[in-house]
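Written below as structure tokens is the structure these notes are about.
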Amino acid sequence: MKISKHWMWLLGAAGLSACGAGGNDPGVEYAPNMYHSIPYEPLSQITDKSAGAWVNSTDTEGLGEYYSSNPNNPHGMNMREPVAGTVRRNKGYLPYRIPADSLEYAGQVLVNPLDSTMQDEILADGKELYLTFCEHCHGGKGAGDGLVAEKYPGVANLTTPTYANHTEGKIFHVITHGKGNMQPHGSQISQGDRWKIARYVRESILGEPTN
Amino acid sequence: MYIRQKLSLTLFALFFTGIFFSSSVFGQATLEEVSAASGIPTDQALIDEGKGLFSANCYSCHRIHSDWTGPGLANVWERWESQETLYEWIKNNGAVLASGDAYANELYEAWNGSVMTNFAWLEDNQVTALLAYIQDETVKGPEEVVADGGGGDGTSSESGVPSQYINLILIGLLVVLALILGVLVLIVTVLRRYIIAKKEDLDEEDQEIVNERVDLPAGLRSPQFLFIVVFIFAAVVAKSAIDGLYSIGVQQGYQPKQPIAFSHALHAGQYEIECQYCHTGVMESKSANIPSANICMNCHINVATGSPEIAKIYKAIDWDPDTQTYGENQQPIEWVRVHNLPDLSYFNHAQHVNVGGQECQTCHGPIETMEVVYQHSQLTMGWCINCHRETEINTDNAYYDKLVKLHESDDPMVVEDIGGLECSKCHY
Numbered sequence: 003m004k005i006s007k008h009w010m011w012l013l014g015a016a017g018l019s020a021c022g023a024g025g026n027d028p029g030v031e032y033a034p035n036m037y038h039s040i041p042y043e044p045l046s047q048i049t050d051k052s053a054g055a056w057v058n059s060t061d062t063e064g065l066g067e068y069y070s071s072n073p074n075n076p077h078g079m080n081m082r083e084p085v086a087g088t089v090r091r092n093k094g095y096l097p098y099r100i101p102a103d104s105l106e107y108a109g110q111v112l113v114n115p116l117d118s119t120m121q122d123e124i125l126a127d128g129k130e131l132y133l134t135f136c137e138h139c140h141g142g143k144g145a146g147d148g149l150v151a152e153k154y155p156g157v158a159n160l161t162t163p164t165y166a167n168h169t170e171g172k173i174f175h176v177i178t179h180g181k182g183n184m185q186p187h188g189s190q191i192s193q194g195d196r197w198k199i200a201r202y203v204r205e206s207i208l209g210e211p212t213n
Numbered sequence: 003m004y005i006r007q008k009l010s011l012t013l014f015a016l017f018f019t020g021i022f023f024s025s026s027v028f029g030q031a032t033l034e035e036v037s038a039a040s041g042i043p044t045d046q047a048l049i050d051e052g053k054g055l056f057s058a059n060c061y062s063c064h065r066i067h068s069d070w071t072g073p074g075l076a077n078v079w080e081r082w083e084s085q086e087t088l089y090e091w092i093k094n095n096g097a098v099l100a101s102g103d104a105y106a107n108e109l110y111e112a113w114n115g116s117v118m119t120n121f122a123w124l125e126d127n128q129v130t131a132l133l134a135y136i137q138d139e140t141v142k143g144p145e146e147v148v149a150d151g152g153g154g155d156g157t158s159s160e161s162g163v164p165s166q167y168i169n170l171i172l173i174g175l176l177v178v179l180a181l182i183l184g185v186l187v188l189i190v191t192v193l194r195r196y197i198i199a200k201k202e203d204l205d206e207e208d209q210e211i212v213n214e215r216v217d218l219p220a221g222l223r224s225p226q227f228l229f230i231v232v233f234i235f236a237a238v239v240a241k242s243a244i245d246g247l248y249s250i251g252v253q254q255g256y257q258p259k260q261p262i263a264f265s266h267a268l269h270a271g272q273y274e275i276e277c278q279y280c281h282t283g284v285m286e287s288k289s290a291n292i293p294s295a296n297i298c299m300n301c302h303i304n305v306a307t308g309s310p311e312i313a314k315i316y317k318a319i320d321w322d323p324d325t326q327t328y329g330e331n332q333q334p335i336e337w338v339r340v341h342n343l344p345d346l347s348y349f350n351h352a353q354h355v356n357v358g359g360q361e362c363q364t365c366h367g368p369i370e371t372m373e374v375v376y377q378h379s380q381l382t383m384g385w386c387i388n389c390h391r392e393t394e395i396n397t398d399n400a401y402y403d404k405l406v407k408l409h410e411s412d413d414p415m416v417v418e419d420i421g422g423l424e425c426s427k428c429h430y
């Protein structure tokens with residue numbers, strides 16, 4: 003008994019030092035009731051219905067405090083796709099509906115809706131967006147020499163005469179739907195940003211048009 | 003005698019093997035011979051011009067000695083019926099296809115109807131230069147393939163010793179030292195016994211030295227020694243206990259195993275893909291977002307298609323790499339969330355990255371070197387507040403003009419000055 007009295011505080015101290023996080027262990031939480039979101043948190047999901055039942059303070063119909071999964075969504079996820087037919091509020095752009103296989107048509111009919119009096123800002127934004135979304139394949143100057151191009155087959159060298167006559171509409175269509183080995187990037191880049199990239203590529207990357 | 007015979011026999015065999023191999027090298031056609039048959043010129047200036055044209059226009063889809071997006075081009079001039087059709091094909095393949103050329107249509111079928119880019123702007127002499135370069139490379143033969151260790155150069159294999167081995171090495175050294183100590187004690191004991199047994203005529207001083215004993219137990223029992231030991235032990239325990247208390251509710255260092263072994267060191271480090279390419283929400287939303295699998299497929303439809311980790315992506319989105327089609331049975335990839343800010347505080351990525359102009363690394367640390375992501379920062383309130391006290395506002399914006407005028411201080415305007423320490427900014 004005497005020994006245990008002396009060593010209890012040591013054991014307690016040793017136990018405390020194991021509270022930190024590391025590896026798969028997130029560590030010990032303080033006041034966990036305030037840590038876990040009651041509303042559905044889109045990027046979290048805890049499907050175990052009894053998770054955190056030990057901190058329940060009110061009756062929650064048998065569901066643990068940490069349980070966070072929406073049974074009405076596919077796979078119980080807390081996020082879901084927008085309802086079919088709805089249009090995102092995005093500065094007035096309507097959904098782009100020209101089909102993927104109509105590249106030439108898109109090149110002929112599409113006109114860049116950006117305000118040309120803001121050319122400097124558009125080109126500055128376009129360059130930044132190009133460096134974010136295009137540079138790792140097409141290279142900083144568009145020569146198809148980005149770091150990823152070594153691994154990825156068929157990256158276009160945009161500076162050759164082959165692409166000199168491409169219109170901004172055609173560039174916009176290719177970014178949206180892809181072409182050849184290039185995959186569609188419409189889901190990643192908003193329409194406004196795509197038009198900025200198209201303007202930058204047309205003005206600063208492609209060669210002089212020959213017709 | 004026998005050995006000498008055997009040696010000379012071996013040498014003889016080696017000699018003949020050498021002749022055999024060298025003759026096989028001489029058996030290959032030289033550039034001149036190939037050129038005589040193909041009619042494609044061989045002068046170096048033309049080959050160099052062709053090399054430039056090839057790397058700018060053809061290299062993205064064609065290799066010489068292997069198929070890539072398009073067929074390998076070695077001996078391409080032998081595959082076409084006439085040089086004229088080949089020239090026409092390189093410049094305007096659509097026209098050749100339309101003319102009903104048998105080989106052209108055969109190629110079109112074999113490559114699943116993928117169409118080559120139109121190069122109508124190429125001059126005839128440029129096409130000749132291209133063919134001269136291709137001929138030169140064909141004769142040279144494929145380059146030795148350099149073994150790729152998967153990780154590439156330098157980034158994955160850090161120089162120096164990994165940390166987990168340092169501990170092992172230290173323990174090993176300690177064991178070796180203990181062994182040496184044991185051996186030394188053994189030697190001393192043996193020597194002492196030897197002296198006591200053999201030398202009876204030692205004088206008193208020497209006897210004293212030989213018979214001297216260190217009284218260890220008495221030294222260990224002294225109160226001073228006991229105090230020092232207990233003090234050091236208690237201090238170490240108290241320190242780890244306090245550290246432990248401070249780590250409650252702090253997930254710094256949390257590094258969960260993810261369902262797919264995605265490496266930021268490879269993607270963001272070695273290949274320098276921008277964070278925003280995948281984390282598309284960071285400029286306009288609260289969350290930076292976990293990329294959906296279609297963003298993985300932007301590259302992995304063609305890159306590392308045989309990897310078991312990539313196979314997990316294919317399985318999740320039900321992609322069949324053989325038929326190149328998606329199925330119906332798609333499953334979400336259950337990534338483990340690393341950064342869990344408590345629900346009692348609000349954080350918005352767009353506000354910090356888009357408006358505040360902060361780098362991802364400011365909070366997430368050296369993410370471009372992480373094989374497995376861990377939580378780099380504390381994400382405690384004190385840590386947030388510190389940054390809000392120190393970070394200057396980018397006032398290059400008309401909204402701040404009057405605020406800057408009202409900010410009557412020599413110190414720069416920091417986040418604190420525009421309300422960055424208000425409770426309700428983050429807690430509501």
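Top line first, the protein sequences correspond to chains P and W.
Numbering of the first sequence is given in the working numbering, commencing with residue 3 and proceeding in unit increments.
Numbering of the second sequence is given in the working numbering, commencing with residue 3 and proceeding in unit increments.
Glycine residues also receive a C-beta, built at the ideal position from the N, C-alpha and C atoms.
Backbone secondary structure at residue i - three-state DSSP
{"i": "T327/W", "result": "strand"}
{"i": "V416/W", "result": "strand"}
{"i": "K288/W", "result": "coil"}
{"i": "C123/W", "result": "Here residue 123/W turns out to be Trp, not Cys, going by the sequence shown. Reduced to three states, the DSSP call for W123/W is coil."}
{"i": "D27/P", "result": "strand"}
{"i": "S394/W", "result": "Sequence check: residue 394/W is Glu here, not Ser. Three-state DSSP puts E394/W in a strand."}
{"i": "M79/P", "result": "coil"}
{"i": "Y430/W", "result": "coil"}
{"i": "D322/W", "result": "strand"}
{"i": "S118/P", "result": "helix"}
{"i": "I48/P", "result": "strand"}
{"i": "K198/P", "result": "helix"}
{"i": "T162/P", "result": "coil"}
{"i": "M372/W", "result": "coil"}
{"i": "Y256/W", "result": "strand"}
{"i": "K153/P", "result": "coil"}
{"i": "S70/P", "result": "strand"}
{"i": "M118/W", "result": "coil"}
{"i": "K181/P", "result": "strand"}
{"i": "E205/P", "result": "helix"}
{"i": "G359/W", "result": "coil"}
{"i": "V113/P", "result": "coil"}
{"i": "S37/W", "result": "helix"}
Integer-rounded CB distance, given that residue j should sit under 8 Å from residue i
{"i": "I92/W", "j": "F121/W", "result": "6 Å"}
{"i": "R391/W", "j": "E418/W", "result": "5 Å"}
{"i": "Q1/W", "j": "A151/P", "result": "Missing from the structure shown is residue 1/W; chain W here goes from 3 to 430 and no further."}
{"i": "A31/W", "j": "V117/W", "result": "In fact, because the Cβ distance is near 33 Å, the residues do not count as touching under 8 Å."}
Beta-carbon proximity of residue i to residue j, cut-off 8 Å
{"i": "L112/P", "j": "G171/P", "result": "yes"}
{"i": "T217/P", "j": "G148/P", "result": "As shown, chain P starts at 3 and ends at 213. That puts residue 217/P outside it, with no answer to give."}
{"i": "K288/W", "j": "H366/W", "result": "no"}
{"i": "T44/W", "j": "L33/W", "result": "yes"}
{"i": "I297/W", "j": "Q190/P", "result": "yes"}
{"i": "S57/W", "j": "A158/P", "result": "no"}
{"i": "A295/W", "j": "A263/W", "result": "no"}
{"i": "G194/P", "j": "Y95/P", "result": "yes"}
{"i": "I275/W", "j": "H281/W", "result": "no"}
{"i": "E83/P", "j": "H38/P", "result": "no"}
{"i": "G54/P", "j": "P41/P", "result": "no"}
{"i": "R81/W", "j": "Y110/W", "result": "no"}
{"i": "M81/P", "j": "L346/W", "result": "no"}
{"i": "I420/W", "j": "Q185/P", "result": "no"}
{"i": "K340/W", "j": "Y256/W", "result": "First, the residue type needs correcting, since residue 340/W is Val and not Lys in the sequence shown. Cβ atoms of V340/W and Y256/W: closer than 8 Å."}
{"i": "I173/P", "j": "R204/P", "result": "yes"}
{"i": "M372/W", "j": "H266/W", "result": "yes"}
{"i": "I42/W", "j": "A134/W", "result": "yes"}
{"i": "S37/W", "j": "Q137/W", "result": "yes"}
{"i": "W113/W", "j": "P155/P", "result": "no"}
{"i": "Q363/W", "j": "I369/W", "result": "yes"}
Interface flag, residue i vs chain B, CB-CB below 8 Å
{"i": "L346/W", "result": "Going by chain labels, chain B is absent from the structure shown, which instead holds the protein chains P and W."}
Count the C-beta pairs between the region 163–174 of chain P and the region 64–78 of chain W that are closer than 8 Å, then say yes if the count reaches three, no if not. no
Just to confirm the assignment: which complete beta strand (DSSP E) runs, minimum length 3, are found wholly within the region 163–237 of chain W? none
Between the region 405–414 of chain W and the region 298–311 of chain W, can you find at least three pairs of beta-carbon atoms closer than 8 Å? no
Report yes or no: do three or more beta-carbon pairs, one from the region 200–209 of chain P and one from the region 95–108 of chain P, lie closer than 8 Å? no
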